[in-house]
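Worksheet: one structure, shown below.
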Amino acid sequence: MTGVLAYESSELDWCEDNYKHSEHIAEYFNTMSSLFFFVISPIMLYLLHPYARERNLAVHLVWIMMIFVGLFSAYFHMTLSFMGQMLDELSILWVIGLCYALWFPCRLFPSFIKDRTTFSRLVMAVTVVTTLSSFVKPTANAYVLNCFALHIIYSLCLEMRVCTDQKALRLCWSAVALWVLAISCWISDRFGCSLWQKLNFCYLHGIWHILIVIAAAYASTLIAYLDAKYEIPYALPGLQYWPSDNWLFGLPYIVLKGSTKTQKRC
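Everything in the sequence shown is counted per UniProt numbering, starting at 1 for the first residue and increasing by one.
Here is the structure:
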């Protein structure tokens, strides 16, 4: 147990120079950039509350879990410990599993699944199995997680093919662009470290942290919006941006222009 908690017990070591700015923090910039999750997550919790209250309060678990992703990421990069690596990667896995359970479109369910409850149980079972198997080959976790992300993007593309809402289309392209930029930083830091060391710019993994949490805010809001259009159409969901809908950049959220009073009763 002491070994997995020890500093630098992980096989992963990112491009940033270790202990350059602090003798107690292995990767200073990577650690500090992880704290960006603590900035975005509470804002998204607040912005998505009207949708969560109308649809399912479990939606809040996504951004509560994202706070833990930031916490475990900071712990990992501070120590480069095996335990930190596992907590970091498994927290991301559970966020993805939760998103599948909450928002994966019913019409895309496998034919043998008839309702969301059964699908959610299946997703949680797969998540548990993946969690246990990740201890066998920890270095493969990051690549598995990005494969899940690719499937989410593929499923989102299927949804957007029939979408005519210009705000939703803009949000989709922004989310994909942010994800591509983020994953490019991750890959460049992982496999192009020698180049970045020569350029004295070893901070791409930290930039990945910042970009991916914003991409997650964009993507999760888009998916939640599409879910709202199908599941609570009486609420007349729409998209806006915080702090101002007129700004070029901002955090997206869902506004509900209707209420349960407008729901049609049989």
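Here a beta-carbon is modelled for each residue, glycine too, at the ideal position from N, C-alpha and C.
Boundaries (first-last residue) of the beta strand (DSSP E) holding residue i
i      : result
Pro237 : Pro237 to Trp242
Per-residue burial, residue i [other beta carbons within 10 Å of its own, 16 or more giving buried]
i      : result
Gly3   : exposed
Leu35  : exposed
Asp88  : buried
Arg265 : With a pLDDT of 41 at Arg265, under the threshold of 50, the modelled position of that residue is not reliable, and the figure given next carries that caveat. Exposed is the call here.
Glu54  : buried
Gln85  : buried
Glu27  : buried
Thr164 : exposed
Trp247 : exposed
Ile189 : First, the residue type needs correcting, since residue 189 is Asp and not Ile in the sequence shown. With 16 or more other Cβ atoms within 10 Å, it is buried.
Ser134 : buried
Ser10  : buried
Val180 : exposed
Pro252 : buried
His209 : buried
Leu80  : buried
Tyr154 : exposed
Trp63  : buried
Ser33  : buried
Endpoints, alpha helix (DSSP H) assigned at residue i
i      : result
Pro50  : His49 to Arg55
Leu256 : Taken as a continuous stretch (DSSP letters only), Leu256 belongs to no alpha helix (DSSP H), being part of the beta strand (DSSP E) at Leu251 to Leu256.
Leu90  : Phe82 to Trp103
Ser133 : Arg116 to Ser133
Asn30  : Tyr28 to Ser34
Residue(s) in a DSSP beta bridge with residue i
i      : result
Pro110 : Paired residue(s): none; Pro110 is not in a bridge.
Simplified DSSP state of residue i, which is helix, strand or coil
i      : result
Val162 : coil
Val62  : helix
Ile210 : helix
Ala228 : helix
Trp186 : helix
Asn18  : coil
Cys202 : coil
Cys266 : Summary for Cys266: the model assigns pLDDT 33, below 50, so the residue's position carries little reliability, and this model does not support an answer.
Val176 : helix
Lys137 : coil
Tyr154 : helix
Ser194 : helix
Ile223 : helix
His24  : coil
Tyr46  : helix
Ala6   : coil
Leu12  : coil
Interface flag, residue i vs chain D, CB-CB below 8 Å
i      : result
Gly206 : Included in the structure is just one protein chain, with no chain D present.
For this session: Please confirm if the stretch 44-51 is in contact with the stretch 10-17, defined as three or more CB-CB distances below 8 Å between the two stretches.
Result: no
For this session: Check whether the stretch 64-73 touches the stretch 88-104, taking contact to mean three or more Cβ pairs, one atom from each stretch, closer than 8 Å.
Result: yes
Exercise. Quick one: any contact between the stretch 178-187 and the stretch 204-214, if contact means 3 or more CB pairs under 8 Å?
Worked result: yes
Exercise. Is the stretch 161-178 touching the stretch 221-231 in the sense that three or more CB pairs, one from each, lie closer than 8 Å?
Worked result: yes
Problem set entry | Given 8 Å, three or more beta-carbon pairs between the stretch 107-119 and the stretch 45-64 | no
Exercise. So, do the stretch 143-161 and the stretch 189-198 have three or more beta carbon pairs nearer to each other than 8 Å?
Worked result: no
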